[in-house]
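Visitor:
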Ligand SMILES: [Zn+2]
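In this note's numbering, the protein residues as written are 578 to 919.
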């Protein structure tokens, strides 16, 4: 299944994590004429057109001319050379137009004052429209998440003093109290709950109209992945989940999540929607789920696009048999839930 996850997985870079603290080595890479950079402004990558293709990488020397970067992070290296990520200040780009098409995408059209020929586009749009290769999309995801960390961690969470970037942008240190602050990755459980020929899909209020997807939620402190799956599903839909099988993961740079995709076996059928979280939640047959993926559902309902792991989980389930569960496991999980709701 991992190969079927499209969006933001498959980063080809050697991250050079053992070299990051060697400032001389990092400076040498930045001085390499082959050094390239991806550049973001207001969370969106700046792209250049070459024929029909959109390219995310710019020669580092040129990228530095786009504007005074707030931070330069060493992303890693591949066969073409070292690759950096630069973050321009928000003011470097101006809004050209904004189109709200009801999707989850950021449809702002931004433009750089001194480089109006460059295109600035939301990563969701680029992923949905297949405008970049899979490796380049993954690299931009890495850049977006790490640059978001720098944009939001300028001050020490322990003492409030300004922090300083260190280790080629993979840490921020506090000169006042000595605390070291590492970039965050936020774990999210996303699960397709199944029961025989049926799967459970819901829709949040902010979803595009008629789109249904897997349930999902942040994994909390002190919680296993499996426990998070059972808690989230029970809270949002009232459905009791037994066996949980991990399927695949996906970096999700909005802003810095890691999605853990799971298949969960339902032990109950009656849905009780949490109206705060979901607008609707239903059981769908395999035939309906297939129709939603192929955009021929008779009510016009559809599933998320190929860049989303929810789509991969659905496709995975449509190809496979349901997950098995021993009878004693079913009994113990159902009993525990019954006690909780009594
Ligand atoms: Zn501090």
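For every residue, glycine included, the Cβ atom is placed at its ideal position computed from N, Cα and C.
(1) What residue range does the alpha helix (DSSP H) around residue 868 cover?
(2) Looking at C-beta atoms only, is the number of pairs between the stretch 658-666 and the stretch 606-616 that lie closer than 8 Å three or more?
(3) Just to be sure I understand the criterion: a residue counts if its Cβ is closer than 6 Å to at least one heavy atom of ligand 1. Which residues meet that?
(4) Could you check whether residue 653 and residue 609 sit closer than 7 Å to each other, using their CB atoms as the reference points?
(5) Assign residue 875 to buried or exposed, taking buried as 16 or more other Cβ atoms, counted over all protein chains shown, within 10 Å of its Cβ.
(6) DSSP on residue 619, reduced to helix/strand/coil?
(7) Output yes or no for whether 7 Å exceeds the beta carbon distance between residue 717 and residue 636.
(8) Bridge partners for residue 674 per DSSP, in chain order?
(9) Taking contact to mean at least 3 C-beta pairs separated by less than 8 Å, is the stretch 745-755 in contact with the stretch 766-774?
(10) List the whole-angstrom C-beta distance separating residue 798 from residue 816, where the pair is believed to meet the contact cut-off of C-beta under 8 Å.
(11) Considering Cα atoms alone, identify which of 644, 704, 866 is closest to residue 691.
(12) With residue 692 as the anchor, note down where its beta strand (DSSP E) starts and where it stops.
(13) Exposed or buried, residue 694, counting other C-beta atoms within 10 Å across all chains shown (16 or more means buried)?
(14) Considering only the alpha carbon of each residue, which of 832, 840, 861 lies closest to residue 721?
(15) Quick one: what's got a C-beta closer than 8 Å to residue 898's C-beta in the same chain, skipping five residues either side?
(16) I think residue 742 touches residue 648, with their Cβ atoms under 8 Å apart; what is that distance to the nearest whole Å?
(17) Does DSSP classify residue 897 as helix, strand or coil?
(18) At the level of alpha carbons, what is the spacing between residue 607 and residue 796?
(19) Taking the CB atoms as reference points, tell me whether residue 920 and residue 745 lie closer together than 7 Å.
(20) Using the Cα positions of residue 800 and residue 626, report the straight-line distance between them to the nearest angstrom.
(21) Distance check for residue 895 and residue 868, CA to CA, integer angstroms please.
(22) Between the alpha carbons of residue 857 and residue 778, how many angstroms are there, rounded?
(23) If you run the structure through DSSP and keep just helix, strand and coil, what is residue 642?
(24) Identify the continuous beta strand (DSSP E) that holds residue 875 and give its terminal residues.
(25) If I measure Cβ to Cβ from residue 851 and keep anything under 7 Å in the same chain, skipping five residues before and after, which residues do I get?
(26) Excluding the five sequence neighbours on either side, which residues of its own chain have a C-beta within less than 7 Å of the C-beta of residue 670, listed in chain order?
(27) Measure from the alpha carbon of residue 824 to the alpha carbon of each residue in 782, 747, 889, then state which is nearest.
(28) Label residue 909 either buried or exposed according to how many other C-beta atoms from any shown protein chain fall within 10 Å of its C-beta, with 16 as the threshold for buried.
(29) Roughly how many angstroms lie between the CA atoms of residue 758 and residue 749, to the nearest whole one?
(30) Thinking C-beta only, is residue 585 closer than 7 Å to residue 564?
(31) Going by beta carbon distance, what residues of the same chain come within less than 6 Å of residue 735, once the five residues before and after it are set aside?
(32) Report the three-state DSSP secondary structure of residue 655 (helix, strand or coil).
(33) Determine the DSSP secondary structure at residue 702, reduced to helix, strand or coil.
(34) For residue 878, collect the residues of the same chain with a Cβ closer than 7 Å to its Cβ; drop the 5 residues on either side in sequence, then sort them by chain order.
(35) Suppose you measure from the CA of residue 659 to the CA of residue 871; what does that come to, to the nearest Å?
(36) Could you pull out every residue in the same chain whose Cβ sits closer than 7 Å to the Cβ of residue 882, ignoring the five residues on either side in sequence?
Guide: If we stick to the structure as given:
(1) Along the chain shown, read from residue 1 onward, the residue named residue 868 stands at position 291. Here the alpha helix (DSSP H) through residue 868 covers 863-870.
(2) yes
(3) 733, 735, 736, 738, 751, 753, 754, 756
(4) Position 32 of the chain shown, counting from 1, holds the residue named residue 609. Position 76 of the chain shown, counting from 1, holds the residue named residue 653. Going by C-beta atoms, residue 609 is not nearer than 7 Å to residue 653.
(5) Taking the chain shown and counting its residues from 1, one reaches residue 875 at position 298. Its Cβ having fewer than 16 others within 10 Å, residue 875 is exposed.
(6) For the purposes of this step, residue 619 is taken as residue 42 along the chain shown, with counting starting at 1. Three-state result, residue 619: coil.
(7) On the chain shown, position 140 is the one that residue 717 refers to. On the chain shown, position 59 is the one that residue 636 refers to. Cβ atoms of residue 717 and residue 636: not closer than 7 Å.
(8) In the chain shown, counting from the first residue as 1, residue 674 sits at position 97. 686.
(9) no
(10) As a first step, residue 798 is located in the chain shown; it is residue number 221 there, counting from the start. As a first step, residue 816 is located in the chain shown; it is residue number 239 there, counting from the start. The Cβ separation is near 24 Å, so there is no contact.
(11) For the purposes of this step, residue 691 is identified with residue 114 of the chain shown, where counting begins at 1. Of the candidates 644, 704, 866, the one whose C-alpha sits nearest the C-alpha of residue 691 is 644.
(12) Here residue 692 is taken as the residue at index 115 of the chain shown, counted from 1. Its beta strand (DSSP E) spans residues 692-697.
(13) Working through the chain shown from its first residue, we reach residue 694 at position 117. By the 10 Å Cβ count, residue 694 comes out exposed.
(14) Start at 1 with the first residue of the chain shown, and residue 721 comes out as number 144. Comparing Cα positions, the closest option is 832.
(15) Counting from one through the chain shown, the residue named residue 898 turns up at place 321. Residue placement at residue 898 is flagged as unreliable, the pLDDT there being 49, under the threshold of 50; the coordinate-derived value follows with that caveat. Same-chain partners within the cutoff: there are none.
(16) The residue given as residue 742 occupies position 165 in the chain shown. The residue given as residue 648 occupies position 71 in the chain shown. Indeed, because the Cβ distance is near 6 Å, the residues count as touching under 8 Å.
(17) Here the question's residue 897 lines up with position 320 in the chain shown. In the structure shown, residue 897 sits in coil (DSSP, three-state: anything other than H, G, I, E or B).
(18) Along the chain shown, one-based indexing puts residue 607 at 30. Along the chain shown, one-based indexing puts residue 796 at 219. Between residue 607 and residue 796, the C-alpha separation is close to 38 Å.
(19) Absent from the structure is residue 920, since the part of the chain shown begins at 578 and ends at 919.
(20) As a first step, residue 800 must be located in the chain shown, where it is residue number 223. As a first step, residue 626 must be located in the chain shown, where it is residue number 49. Rounded to the nearest angstrom, the two C-alpha atoms are 45 Å apart.
(21) If you number the chain shown from 1, residue 868 lands on position 291. If you number the chain shown from 1, residue 895 lands on position 318. Their backbone Cα atoms lie some 11 Å apart in a straight line.
(22) Translated into the one-based positions of the chain shown, residue 857 becomes position 280. Translated into the one-based positions of the chain shown, residue 778 becomes position 201. Each residue's alpha carbon lies about 9 Å from the other.
(23) Position 65 of the chain shown, counting from 1, holds the residue named residue 642. In the structure shown, residue 642 sits in a helix (DSSP, three-state: H, G or I).
(24) For the purposes of this step, residue 875 is taken as the residue at position 298 of the chain shown. Note, residue 875: premise wrong, no beta strand (DSSP E); not H, not E.
(25) Numbered from 1 along the chain shown, position 274 holds the residue referred to as residue 851. Excluding positions up to five away in sequence, the list reads 812, 813.
(26) What you label residue 670 is simply residue 93 of the chain shown in a count that begins at 1. Closer than 7 Å at the Cβ level, and outside the excluded window around residue 670, lie 618, 619, 687, 688, 689, 697.
(27) Taking the first residue of the chain shown as position 1, residue 824 is located at position 247. Residue 824 has its Cα closest to that of 889, out of 782, 747, 889.
(28) Locating residue 909 in the chain shown gives position 332, counting from the first residue. Residue 909 is exposed by the Cβ-count criterion.
(29) As a working mapping, residue 758 is identified with position 181 in the chain shown. As a working mapping, residue 749 is identified with position 172 in the chain shown. Each residue's alpha carbon lies about 5 Å from the other.
(30) Residue 564 cannot be examined here, being either before or after the span of the chain that is shown, 578 to 919.
(31) Stepping through the chain shown from its first residue, residue 735 is reached at position 158. Cβ within range, chain order: 754, 756.
(32) Stepping through the chain shown from its first residue, residue 655 is reached at position 78. Residue state, collapsed to three classes: strand.
(33) As a position in the chain shown, residue 702 is number 125, starting the count at 1. Of the three classes helix, strand and coil, the one that applies to residue 702 here is helix, per DSSP.
(34) Translated into positions along the chain shown, residue 878 becomes position 301. 787, 789, 869.
(35) Counted from its first residue, the chain shown places residue 659 at position 82. Counted from its first residue, the chain shown places residue 871 at position 294. Their backbone Cα atoms lie some 41 Å apart in a straight line.
(36) Residue 882 sits at position 305 when you count from the first residue of the chain shown. 705, 888, listed in sequence order.
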